Structures are given as structure tokens and as C-alpha cells.
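Undergrad: Residue numbers (full-length UniProt numbering): 2 to 446.
Pasting in a structure now, in C-alpha cells, and then I'll have a few things to ask.
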Ligand code: FAD
């Protein structure tokens, strides 16, 4: 017997329920990845992620070959390609990880129609706790983080699955070589499961509790691209972290709970990828020049510009900087969060529908923040999380000569660099537009 494993966002051998079950069910397993033009058509095929994905597939193929397999890559509509391959090979089953987005859900429904009961969908592959596994009384998902976290802690942990035994993939199957998925972009982190496991080994989780909010220390794990493509399973990471223990590991697991939280929101409300989750704002301003200045890291607020330039140069941004730059766009400039979320998705290697859109909504006050009216003051944030200005100095080199905290307020400096812009809005008024909009919104209700 033979089973097909359709890889999607689970590009790994360790703790992979679909791969493991396929091997357990059949004598032979055929690992398949489909490059689907629908992803590009939906605008999700950003160059940084395409390049990273190519590296993930190369690594996956190499690892599969070590256990007697090989990755088959086909191009076209995922459902058509998968069903055709299953028919060609007389597959007894097709195994796939359950997804959370509307797109993934529709793909699953179509696979079900094409394959009937030969389709096996595996929950618990993308997140540590599957969406819907815990719910509050009378609701289909948690809308508030803290009670979700409490419920999450009570869920029994699934032991991580080992790499399966020999796959015995038949040779000579028609399909493109893995190298056909060509990388297109430059200096990104090493991709794939092997690199992900090395990254975890070399990173020091023990320091996470102290360092995770310190912009210059850059003490977070940088595992987000690997988690997005499933090179590491969130479930296994929780196990690994809990085995190490201590405040660092605890704080790290909490971030993985945030990831699960946003995934269960999106799974229950796929429309939250583009529509306000709590439908409360429709008065966003439009201002192309301000938006362009934000995109380019030329707002005149050094902490904001540092974050935006880190994103442009590396395809990644520190979480604290994501909060500050997003708040600046949505609340200080009062521009639609969707514009900012789109820009992030165009550049982030870890760009992820659940984490990106729902964090943006959280910051914009349209999402799950229980204090939706708070506005982050970029200067207070800079003083607190980049006290020596080292983060700004790294990413905004034209300000590097300004000493200490002065770097955060170049408009006050005696020798302001001529090539750095004046602040886009008055530095003391970064909360004004949002508050005024809130007041007129409340007034009209
Ligand atoms: P670590 O601090 O080491 O955390 C470990 C893992 O926990 C991360 O890799 C991530 O998977 C998860 N995590 C951490 N913080 C969050 C969070 N707030 N929400 C959900 N999961 C979290 N994360 C993405 O993976 N993709 C995105 O597209 C994305 N967009 C964001 C947009 C905005 C406006 C904000 C405020 C946050 C966004 N995040 C996103 C969440 C977070 O900023 C990144 O996950 C984190 O910075 C990645 O770096 P790290 O792997 O070193 O994180």
C-alpha cells in the first residue's frame, strides 16, 4: 500500500503527525509539495518568504532522502495535483496537516470532495494546542488572552513524535525537482528544519525573561520563520522549553501561547484576516505621503524608523519594534492597520496570517486587546526599551553621532544631521489623532 503526504506549513520530519501517520498506515509514502499559483495570486508570495521556502524544501528533500524518501514537487492547483497523484499511484490515503486560514479550510473541503474518506486531516500540527481544543462556555473560541492561557495550561501535552522509519518512496515519479522552486532574494537566515534545530540548540532561552524586550540586546529566539513554515513544531518546542525550565523558558512558552491564541481566533473567524475583529473603526485617514514615509523609515521618529529599516534590510523585526511601528501607523498617524499589515506581509520572512493580522488588530484597537484605547508613546518606548540608543544607532546610521538618549529626539539636538527628516507629526501629539477619532466615534453612537 502507498500513502501520499501533502506538506503545507509543516516542513519537517520531527513531530510531524501527517508524515508519521502515513508511514504507519502504508508500506510506502510519497511526500508531496505543490507550488500553487493561488498563493501568488492572493499576494502571499513575497520574495523573502519564497526564498526561505525554497531553502526549506531543499532541506526537507535532503532529510527525506536519508530515510529512503524524496520530496516530489508539483506545480498547479494543490487539490487537482494531489488528487491526480493519488489516482496515478492508487494511494490508499492522503495525509495533510489541518490549517487555520480560510484558504486552508477551503483547500481541505475541496480535498475532501476529491478524495472522500481517503483524506486524513491531522490536527495539532501547526500549533501546540489545536484550535478549538479549549473553548469558553458557550463560545467557539477565546477572545481574551489571559483566560485562554489558563485553559491552555490545563491541556494534556501530546508527546512529540519521532522521525518515522524508512519511507520507501518509489523512484521515477513525474514531478519537478526540488530545485525548481528557485530562491529570489538575498541575505536571509538559513532555512529549513536542520537550521531550525541548530538555532534552538544555540539560543539561550535562560536569558529570555530579562532580555526579550531589550531592543539592542536582540535576545529573542529568531525562530519565527521556522515556526511559520513548520520547520519546528510548536508542540515540540513547548516540550523542549519545559524540559529546560526556569523563568526564561516560562516566558518563552508564554509567547508560544500567544501564537496558539491568535491561531484559534483566526480559525474561528477567518474574516479577521482583513475585517476588524470587533468592527469598530471605519474612519481611518488616508495620506499617501505619510504612509510612504512610514514604509521607508523616514518618519523623523528614530525608534520607528529603526524598526522599519530593520524590516527592509533583514525581513525580520524585533517584537517591541513591531509594536511601536504598528502603533505609530495605526494610532499616531491614524492610518488603516490593513495598510501596515500588508507592508509587513510583503517583507517579513515570518509573515503569517494569524500572527500578523491579529497582532496588528491588537495594536490598532480593533482586535483582542482588552485596553484598545491605549496608545504607545514612541518616545517613552524608546527611552524604556532602547535606553542607550544602541538599536537606533545600528539601523539609523545618520544619527549615530548623537550621544545617549539624545538620539531619540534629534529635533532637539544642536547638530541635527541634515539628511534625517523632521518629525512627521509634533512629537508631543502622538496620541491626538486616535483619541480625537475615538471621541467623535463615541459621540456619534
Ligand atoms: P520570540 O520572542 O523568541 O518568541 C518565540 C515565538 O513565539 C515566535 O517565534 C512566535 O512564533 C511566537 N510569538 C512571539 N510573540 C508573539 C506574538 N505577539 N503573537 C504571536 N506569536 C508570538 N509573528 C509572526 O510569527 N509572524 C508575523 O507576521 C508577525 N507579525 C506581527 C505584527 C505585529 C504588528 C506585531 C506586534 C507582532 C507580530 N508578530 C508576528 C509577533 C512577534 O513580533 C514575532 O513572532 C516575534 O517578534 C518573532 O521573533 P522571535 O522568533 O525571536 O520571537
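Each residue gets a CB set at the ideal place from its N, CA and C atoms; glycine is no exception.
Values in this document were obtained by computation on a predicted structure and should not be read as measured data.
(1) How long is the line joining the alpha carbons of residue 330 and residue 295, rounded to whole angstroms?
(2) Roughly how many whole angstroms lie between the Cα atoms of residue 435 and residue 332?
(3) With DSSP as the reference, identify every bridge partner of residue 76, one or two as the case may be.
(4) Hey, how far is the Cα of residue 104 from the Cα of residue 383?
(5) Within a Cβ cutoff of 7 Å, which residues of the same chain sit near residue 439, ignoring the five residues on either side of it in sequence?
(6) For residue 423, count neighbouring C-beta atoms within 10 Å of its own C-beta (all shown protein chains included) and say buried if the count is 16 or more, exposed if not.
(7) Within the present structure, is the beta-carbon of residue 300 separated from the nearest heavy atom of the ligand FAD by less than 7 Å?
(8) For residue 75 and residue 36, I'd like the C-alpha separation in whole angstroms.
(9) Is it the case that the region 286-301 contacts the region 152-164, given that we only count it when at least three CB pairs across the two stretches are under 8 Å?
(10) Would you mind stating whether residue 248 and residue 210 have Cβ atoms separated by less than 8 Å?
(11) In the DSSP assignment, what are the bridge partners of residue 135?
(12) Say whether chain D places a C-beta atom closer than 8 Å to the C-beta of residue 150.
(13) Could you check if residue 12 is buried or exposed, using at least 16 other CB atoms within 10 Å of its CB as the buried criterion?
(14) Within 10 Å of its beta-carbon, does residue 2 have 16 or more other beta-carbons around it, so buried, or fewer, so exposed?
(15) Count the other CB atoms within 10 Å of the CB of residue 69; is the residue buried (16 or more) or exposed (fewer)?
(16) Would the C-beta of residue 153 count as close to the ligand FAD, meaning under 7 Å from any of its heavy atoms?
(17) Kindly indicate which residue of 327, 56, 427 and 90 has the alpha-carbon position closest to the one of residue 231.
(18) Provide the residue(s) that pair with residue 286 in DSSP beta bridges, ordered along the chain.
(19) Is the region 40-51 close to the region 343-353, with three or more CB pairs under 8 Å?
(20) Compute every distance between the C-beta of residue 234 and the non-hydrogen atoms of the ligand FAD, then say whether any falls below 7 Å.
(21) Per DSSP, what kind of secondary structure is residue 397 in: helix, strand or coil?
(22) According to DSSP, is residue 154 helix, strand or coil?
(23) Using three-state DSSP, classify residue 90 as helix, strand or coil.
(24) Return the chain-ordered list of same chain residues with a C-beta closer than 7 Å to the C-beta of residue 185, the five sequence neighbours on each side being excluded.
(25) How is residue 296 classed by DSSP in three states: helix, strand or coil?
(26) Return the chain-ordered list of same chain residues with a C-beta closer than 8 Å to the C-beta of residue 273, the five sequence neighbours on each side being excluded.
(27) Is the region 100-116 in contact with the region 228-242, if contact means three or more CB pairs nearer than 8 Å?
(28) Looking only at C-alpha atoms, which of 348, 71 and 62 sits nearest to residue 173?
(29) Quick one: grab the DSSP three-state call for residue 31.
(30) List in chain order: all unbroken alpha helix (DSSP H) runs of 4+ residues lying wholly within the region 240-265.
(31) With respect to 7 Å, is the separation between the Cβ of residue 214 and the closest non-hydrogen atom of the ligand FAD below this value?
(32) Please work out which residues of its chain come closer than 6 Å, Cβ to Cβ, to residue 17, disregarding the five sequence neighbours upstream and downstream, and give them in chain order.
(33) Does the ligand FAD have a heavy atom nearer than 7 Å to the CB of residue 352?
(34) Count the other C-beta atoms from every protein chain shown that fall within 10 angstroms of the C-beta of residue 254, then say buried if there are 16 or more, exposed otherwise.
(35) Helix, strand or coil: how does DSSP classify residue 437 here?
(36) Pull up the DSSP beta-bridge partners for residue 47, would you.
TA: This is what the structure gives:
(1) Sequence index remark: in the chain shown, residue 330 carries index 329 (1-based). Sequence index remark: in the chain shown, residue 295 carries index 294 (1-based). If you take the alpha carbons of residue 330 and residue 295, they lie about 7 Å apart.
(2) To locate residue 435, count along the chain shown from 1; it is residue 434. To locate residue 332, count along the chain shown from 1; it is residue 331. Going by the C-alpha atoms only, they are around 5 Å apart.
(3) As a position in the chain shown, residue 76 is number 75, starting the count at 1. BP columns for residue 76 point to 36.
(4) Locating residue 104 in the chain shown gives position 103, where the first residue counts as 1. Locating residue 383 in the chain shown gives position 382, where the first residue counts as 1. Whole-angstrom Cα-Cα distance: 38 Å.
(5) Position 438 of the chain shown, counted from the start, is the residue given in the question as residue 439. Excluding positions up to five away in sequence, the list reads 374.
(6) In the chain shown, counting from the first residue as 1, residue 423 sits at position 422. Exposed: under 16 other Cβ atoms inside 10 Å.
(7) Stepping through the chain shown from its first residue, residue 300 is reached at position 299. No, the ligand FAD has no heavy atom inside 7 Å of this Cβ.
(8) The sequence position of residue 75 within the chain shown is 74, counting from 1. The sequence position of residue 36 within the chain shown is 35, counting from 1. Going from the Cα of residue 75 to the Cα of residue 36 covers about 6 Å.
(9) no
(10) As a first step, residue 248 must be located in the chain shown, where it is residue number 247. As a first step, residue 210 must be located in the chain shown, where it is residue number 209. The answer is yes: Cβ separation under 8 Å.
(11) Here residue 135 is taken as the residue at index 134 of the chain shown, counted from 1. DSSP, once it has assigned bridges, lists no residue as partnering residue 135.
(12) Although the question refers to chain D, the structure presented lacks it and comprises just one protein chain.
(13) Reading the chain shown from its first residue, position 11 is the one you call residue 12. Burial call: buried.
(14) The count along the chain shown starts at 1 and reaches residue 2 at position 1. By the 10 Å Cβ count, residue 2 comes out exposed.
(15) Along the chain shown, read from residue 1 onward, the residue named residue 69 stands at position 68. Exposed, because fewer than 16 other Cβ atoms sit within 10 Å of the Cβ of residue 69.
(16) Locating residue 153 in the chain shown gives position 152, where the first residue counts as 1. Checking the Cβ of residue 153 against the ligand FAD gives no.
(17) In the chain shown, counting from the first residue as 1, residue 231 sits at position 230. Of the listed residues, the one whose Cα sits closest to residue 231 is 56.
(18) As a working mapping, residue 286 is identified with position 285 in the chain shown. Partner(s): 336.
(19) yes
(20) For the purposes of this step, residue 234 is taken as the residue at position 233 of the chain shown. Not under cutoff, so the answer is no.
(21) Here residue 397 refers to the residue found at position 396 of the chain shown. In this structure, residue 397 counts as coil in the three-state DSSP scheme.
(22) Working through the chain shown from its first residue, we reach residue 154 at position 153. It is helical.
(23) If you number the chain shown from 1, residue 90 lands on position 89. Note: residue 90 maps to helix in three-state DSSP.
(24) Locating residue 185 in the chain shown gives position 184, where the first residue counts as 1. With a pLDDT of 49 at residue 185, under the threshold of 50, the modelled position of that residue is not reliable, and the figure given next carries that caveat. So the qualifying residues of the chain are 48, 51 and 52.
(25) Reading the chain shown from its first residue, position 295 is the one you call residue 296. If DSSP states are grouped into helix, strand and coil, residue 296 belongs with the helices.
(26) Here the question's residue 273 lines up with position 272 in the chain shown. Answer for residue 273: 266, 267, 358, 359, 362 and 368, listed in chain order.
(27) no
(28) Numbered from its first residue, the chain shown carries residue 173 at position 172. Here the closest residue by C-alpha is 71.
(29) Locating residue 31 in the chain shown gives position 30, where the first residue counts as 1. It is a strand residue.
(30) none
(31) Numbered from 1 along the chain shown, position 213 holds the residue referred to as residue 214. False, no ligand heavy atom lies under 7 Å from that Cβ.
(32) As a working note, residue 17 is residue 16 in the chain shown. So the list reads 11, once near-sequence residues are dropped.
(33) Position 351 of the chain shown, counting from 1, holds the residue named residue 352. The answer is yes for residue 352.
(34) As a position in the chain shown, residue 254 is number 253, starting the count at 1. Buried.
(35) Along the chain shown, one-based indexing puts residue 437 at 436. Note: residue 437 maps to helix in three-state DSSP.
(36) Within the chain shown, residue 47 is the residue found at index 46, counting from 1. Per DSSP, none; premise fails for residue 47.
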